[in-house]
Amino acid sequence: MKQTYIRERGFSLLELTVVVVVTMIALAMAVIQTSGLMPNLKANSAMYQVSGQLQAARDTAMTQRRQVELQFVGNNQLTMTVVEPVGISPATTITLGGGAQFILFGGMPDTPMAFGNNAATYFDGVSGGPIGMQFTSTGGLVDANGSPISGTVFLGIPGNSATARAVTVLGATGRIRDYHWNGNAWQE
0 MKQTYIRERG FSLLELTVVV VVTMIALAMA VIQTSGLMPN LKANSAMYQV SGQLQAARDT
60 AMTQRRQVEL QFVGNNQLTM TVVEPVGISP ATTITLGGGA QFILFGGMPD TPMAFGNNAA
120 TYFDGVSGGP IGMQFTSTGG LVDANGSPIS GTVFLGIPGN SATARAVTVL GATGRIRDYH
180 WNGNAWQE
């Protein structure tokens, strides 16, 4: 009786090694490509954090019919305080995450709103904004005298101008806009 051997089908060790090496090279290329995205994602997150908190302060002022005072503290904190009829409520402070800071990169032009860019937080011609800056029950942003003020918050990751972001507030209406720097101009 003749014995027949059936050859098993499958991959050789060499073929399997080639597939693993090609996969590893593709993964390495993907990691290299996405590693540059992390600073931009962190800057976007900080921009959305600032604009979200400003919007929340404006909404609180309008819905509760109260003034909400704003104060930029240090290089990465925003404090909001609701002014009550018999005093003030506890302040809410947010800290920018991901290493983002209020920062104005040198040589960068002002946003299209043109509220000024002499400081990282610049409202009504004052670095950090005037004392008593607040959203009113009508939604506008005003100074302590009740005069509408506009301004810009510039932010990003220090040492990386590609992460430049800006949030503007139009005083009369309280409209908040987000901008990112594309390397040549601010884009909304």
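For the sequence shown, the positions run 0 to 187 when numbering that gives the first Met the number 0 is used.
Here a beta-carbon is modelled for each residue, glycine too, at the ideal position from N, C-alpha and C.
Keep in mind it's a predicted model, so treat the numbers as computed, not measured.
Contacts around residue i, its chain only, beta-carbon distance under 7 angstroms, and the 5 residues preceding and following it disregarded
i, result
"G155", "A42, A99, I102, F104, T162, A163, R164"
"T110", "T151, A165, T167, Y178, W185"
"S44", "G96, G97"
Bounding residues of the alpha helix (DSSP H) (the contiguous stretch that carries residue i)
i, result
"L40", "36 to 63"
Residue closest to residue i, alpha-carbon to alpha-carbon, out of the options
i, options, result
"G150", "V168, L36, T135", "V168"
"S50", "R176, E7, F71", "R176"
"P157", "V20, E7, G96, Y47", "G96"
"N74", "R64, L36, P108, A118", "A118"
"W180", "S146, G106, Q48, F122", "G106"
"T94", "G124, P84, Y47, Q133", "Y47"
"E187", "A27, M112, A143", "M112"
Residue i - containing beta strand (DSSP E), residue span
i, result
"L154", "150 to 156"
"T92", "91 to 94"
"N159", "159 to 169"
"D109", "First-last for D109: undefined, no H or E at that position."
"D177", "174 to 180"
"F71", "66 to 72"
"T120", "120 to 122"
"E83", "76 to 83"
Cβ neighbours of residue i in the same chain (closer than 6 angstroms, five flanking residues each side left out)
i, result
"S160", "F104"
"P38", "I156, N159, T162"
Proximity of residue i and residue j at Cβ, strictly below 8 angstroms
i, j, result
"T78", "I87", "no"
"T120", "G128", "yes"
"V166", "L40", "no"
"I148", "G173", "no"
"N183", "F153", "no"
"V141", "Q133", "yes"
Cβ shell of residue i (< 8 angstroms), same chain only, five flanking positions each side left out
i, result
"R8", "none"
"E83", "R65"
"L12", "none"
Contact test: residue i Cβ vs the ligand GTP heavy atom, cutoff 7 angstroms
i, result
"L40", "Looking at this structure, you won't find the ligand GTP or any other ligand, since it has none at all."
>> Assess contact between the stretch 50 to 63 and the stretch 130 to 142, defined as three or more Cβ pairs (one per stretch) separated by less than 8 angstroms. Is contact present?
In response: yes
>> Quick test of the definition: if touching needs 3 or more C-beta pairs under 8 angstroms, does the stretch 66 to 76 touch the stretch 89 to 96?
In response: yes
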